[in-house]
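Protein sequence lines, in the order shown, are assigned to chains A and B. Numbering-wise (this note's numbering), the first sequence opens with residue 89 and increments by one. Numbering-wise (this note's numbering), the second sequence opens with residue 22 and increments by one. Written out below as structure tokens is the structure these notes cover.
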Amino acid sequence: MTQDLPGHDWQQEDGLHINVQGLQPPEPMLGILGRIDSLTAPAQVTVHHDRDPIYLYPELAERGWSWEIVPGEPGEVRLILRKRP
Amino acid sequence: MTNAALFLGGAKQRLLPASLPFRFFVTASVFHAAAWATLLAAAGDLPGFAGGTGLVLAALHLMTIGVLLMTAMGASYQLLPVATGAPIGRLWAIRLSHLLLVIGTILLTLGMALSGPALMATGALTVIAALALFAGLAIGNIRHAGKAMPLVAAHGWGALLSLAVFAGLGLLLVLDFSGGFLSDHVGLARAHMLWAAWGFMGLLAFGFSQVLVPMFALARSVPRRAGWIELTASLVALLAGGVGFAAQIPALVVLAGVGTLSGAAGYLWQMRAALKSRMRKRLGTPFVLIRLSWAMLAAGLVLALSMLALPSWENGPALAGFWLLVGWLLSFLTGVLQKIMPFLASMHAVGRGGRPALQSDLTLQAPLRLHLICHILALALISAGLAFSVTPLILAGAFAGFLGSLGFLWFAIFVVSRLR
């Protein structure tokens with residue numbers, strides 16, 4: 089299912105990672121929301137983006153997710169998303 | 022730091038202060054009510070309207086400049102920096118362009134209603150000053166788009182070119198009301214309408230749809246090739262129609278008609294593909310209006326083209342124009358505004374516990390339902406009134422439109438009241 093979504097993902101010890109770098113809007117939003125909507129349990133998700141995705145935030149808030157921008161690679165905007173209890 | 026503060030802090034370059042886009046949206050909502058009220062007063066003059074000063078022309082420009090252009094400018098100021106990743110420029114210039122557009126719209130439409138050439142000319146020049154500021158800011162931004170979103174940027178360039186043409190033609194037409202120097206006022210008026218409705222508003226609507234419709238529906242991005250076909254056909258239509266109307270060359274006018282139909286087909290194909298792949302199943306009231314706008318776009322173009330074959334139907338051009346202006350563009354923009362206003366507001370408003378406010382808490386269904394029902398009623402009643410030349414139907418339709426616009430204004434004021 090997630091293969092059909094824009095971007096790619098992988099699992100690490102800290103949870104799911106989603107890379108949507110290089111995609112044109114609104115594909116990053118679709119890639120991120122499509123994946124977090126399919127998660128069944130509360131989780132932490134790390135997003136690797138190339139811009140601050142300001143239009144994603146209202147959608148995250150609506151779904152009960154919080155977010156935090158953390159240091160990433162040069163040219164990368166890295167976000168940690170957490171499902172609020 | 023709260024999430025809201027975090028993302029506002031990280032996106033200052035691209036997210037304008039809320040007061041900037043919202044001043045355009047609220048003003049557009051006020052002019053929306055004023056346009057319907059003016060049409061209500063002019064209902065008897067609408068059948069057979071073929072130009073000239075008076076209340077119908079004033080209502081037309083309250084709708085086109087006061088609502089459509091006002092919304093387009095406010096939305097462009099907010100959407101362009103997000104699409105291109107570059108800042109929009111100086112905020113004072115945005116505020117000034119809004120002020121000039123408000124003053125210019127009032128003076129121009131007052132001049133049209135009272136048939137006052139000096140008021141009209143002053144209003145037209147003030148609107149052009151607002152457009153020049155807007156164009157300068159938009160050019161500065163799109164120039165930095167680079168390789169990002171080439172289709173959106175190309176539509177932006179096309180819209181800006183159209184803006185220069187329709188504004189120049191509009192000024193000539195206004196000056197001609199007192200000077201009488203144009204040999205073919207009606208032909209130039211048609212070229213002005215084509216470049217304003219299809220060139221400026223249409224290309225902006227097509228361009229921003231590439232991002233907004235997939236974003237609202239959570240759909241894969243639209244097929245790009247159909248978008249380039251749409252843009253090429255649209256530009257051919259503008260050039261052919263502009264020359265065809267101005268120089269009275271019927272073959273070029275027909276080519277323009279074919280171009281607009283081909284452009285619309287490409288665009289509607291894209292939108293169909295986007296909606297087919299959407300993740301969001303319930304699209305709500307805004308998409309009832311957006312889908313209605315797509316149907317009216319096709320119907321309006323077919324009717325406008327058939328007028329070339331049936332030129333004797335006196336109310337045909339007015340009906341086609343009404344379907345395209347109110348049926349297509351107004352339905353589309355009010356649908357988009359219903360989505361975008363709570364969406365933008367949620368980025369600025371702070372909800373309970375310092376968290377960002379939810380879009381669902383920033384919208385009101387009752388006024389939106391009122392607007393939707395009244396808007397559809399207005400379309401149906403005025404269409405029937407124009408088709409059969411029945412003034413009471415036009416009167417009832419304009420009243421429904423006015424009532425719906427009050428519902429929309431209620432919604433706009435509610436959203437703004439939630440901003441802190």
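Note that beta-carbon positions come from the ideal geometry of N, C-alpha and C, so glycine has one too.
- Close CB contacts of residue 238(B) within its chain, under the 7 Å cut and outside five residues either way in sequence, are with 295, 296, 299, 301, 304 (chain order).
- For residue 194(B), same chain residues with a beta-carbon under 8 Å away, outside a window of 5 residues either side, are 203, 206, 209, 210, 213 in chain order.
- Residue 293(B) has a beta carbon lying at 9 Å or more from every beta carbon in chain A.
- Inclusion of residue 155(B) and residue 97(B) in the CB contact set at 9 Å is warranted, their separation being smaller than that value.
- DSSP places residue 128(A) outside both helix and strand once states are collapsed to three, so it counts as coil.
- Taking C-beta atoms as the reference points, residue 122(B) and residue 86(B) count as a pair closer than 9 Å.
- For the 9 Å CB-CB criterion, residue 365(B) and residue 433(B) do not form a contact.
- At least 9 Å separates the CB of residue 303(B) from every CB of chain A.
- Under the three-state reduction of DSSP, residue 154(A) is assigned to strand.
- DSSP places residue 284(B) in the helix class (H, G or I) of the three-state scheme.
- Interface annotation, residue 125(A): in contact with chain B, CB-CB separation under 9 Å.
- Taking each of 215(B), 438(B), 391(B), 65(B) in turn and checking the Cα distance to residue 425(B), the smallest one comes out for 391(B).
- Cα atoms of residue 102(A) and residue 169(A): separation of roughly 11 Å, rounded to the nearest angstrom.
- Any Cβ of chain B closer than 9 Å to the Cβ of residue 106(A) would place that residue at the interface, and such an atom is absent.
- Annotation: residue 42(B) to residue 333(B) spans about 44 Å, alpha carbon to alpha carbon.
- Nearest CB-CB separation between residue 109(A) and chain B: not below the 9 Å threshold.
- Taking a contact to require three or more Cβ pairs closer than 8 Å, the segment 175–184 of chain B and the segment 119–137 of chain B do not qualify as touching.
- For the 9 Å CB-CB criterion, residue 134(B) and residue 59(B) form a contact.
- The residue among 316(B), 290(B), 223(B) with its C-alpha nearest the C-alpha of residue 258(B) is 223(B).
- Under DSSP, residue 99(A) forms a beta bridge with 104(A).
- Around residue 291(B), the same chain offers 230, 231, 243, 244, 247, 248, 251 as residues with beta carbons nearer than 8 Å, after the five sequence neighbours per side are excluded.
- The Cβ-Cβ distance between residue 152(A) and residue 119(A) does not fall below 9 Å.
- Within the model, the alpha-carbon separation for residue 428(B) versus residue 316(B) is close to 23 Å.
- For the C-beta of residue 174(B), not a single chain A residue is nearer than 7 Å; the gap to the nearest is close to 11 Å.
- In this structure, DSSP gives residue 160(B) a helical state, which the three-state scheme calls helix.
- Shown here, residue 384(B) sits in coil according to DSSP, grouped into three states, outside any helix or strand.
- A direct Cα-to-Cα measurement between residue 411(B) and residue 405(B) gives close to 8 Å.
- In this structure residue 93(B) is not in contact with residue 118(B), their Cβ atoms being roughly 12 Å apart against a cut-off of 8 Å.
- Residues are counted here when their Cβ sits less than 8 Å from a Cβ of chain A; for the segment 224–245 of chain B these are 232, 235, 236, 239, 240, 241, 242, given in chain order.
- For the pair residue 281(B) and residue 53(B), the CB atoms are not nearer than the 9 Å cut-off.
- The C-beta separation of residue 166(A) from residue 135(A) comes to about 7 Å, placing the pair in contact by the 8 Å criterion.
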